[in-house]
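Start counting at 1 in the sequence shown, then tack on 24, and there's your number in the numbering used here.
Quick reminder that beta carbons are idealized off the backbone N, C-alpha and C, glycines included.
Source: prediction; values computed, not measured.
Contents: one structure, followed by commentary.
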Amino acid sequence: MKNKNKRPKPFIGLAGNIGVGKTTFTKTMSERCGWKPFYESVSDNPYLNDFYKDMKRWSFNLQIYFLHKRFEMHKIMNNLDEGTIQEEQYMRM
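Right, here's the structure in full:
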């Protein structure tokens, strides 16, 4: 049975284009509010280099990879007792 008096844990999803300050904002808010930050990793993305070489060919693969990673993060976030803030990259294709 769920405790109706329990306050829901906050979740903030932060989205925006590359270079607008999402990572800095996520870090600052997580430190000030005591939330666990989740960053969208691009360094381990196996499609990123191919995407920049041929965007039309690799854009679907890249987006599916990001979607899968976000889903994995949300599964982790859902099991935490603390608030979370998530940074997401959006690329114009």
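Under the rule that 16 or more other beta-carbon atoms within 10 Å means buried, what is residue i, buried or exposed?
i	result
K80	exposed
H86	A small correction: the amino acid at residue 86 is Leu; His does not occupy that position in the sequence shown. With 16 or more Cβ atoms within 10 Å of its Cβ, L86 is classed as buried.
I100	exposed
E106	exposed
E64	buried
I109	buried
K77	exposed
T52	exposed
In the DSSP assignment, find the unbroken alpha helix (DSSP H) run with residue i in it and report its ends.
i	result
K77	72 to 77
K46	46 to 57
On the DSSP letters alone, give me the boundaries of the beta strand (DSSP E) that residue i sits inside.
i	result
N41	35 to 41
P32	Per DSSP, P32 belongs to no beta strand (DSSP E) and is neither H nor E.
Compare the C-alpha of residue i against each of the options and name the closest.
i	options	result
S67	P61, K93, I109	K93
Pull up the distance between the alpha-carbon of residue i and that of residue j, whole angstroms please.
i	j	result
T48	G37	14 Å
L72	V44	19 Å
F62	N69	16 Å
N103	W59	14 Å
M97	F35	12 Å
What does residue i pair with, by DSSP beta-bridge criteria?
i	result
K60	T108
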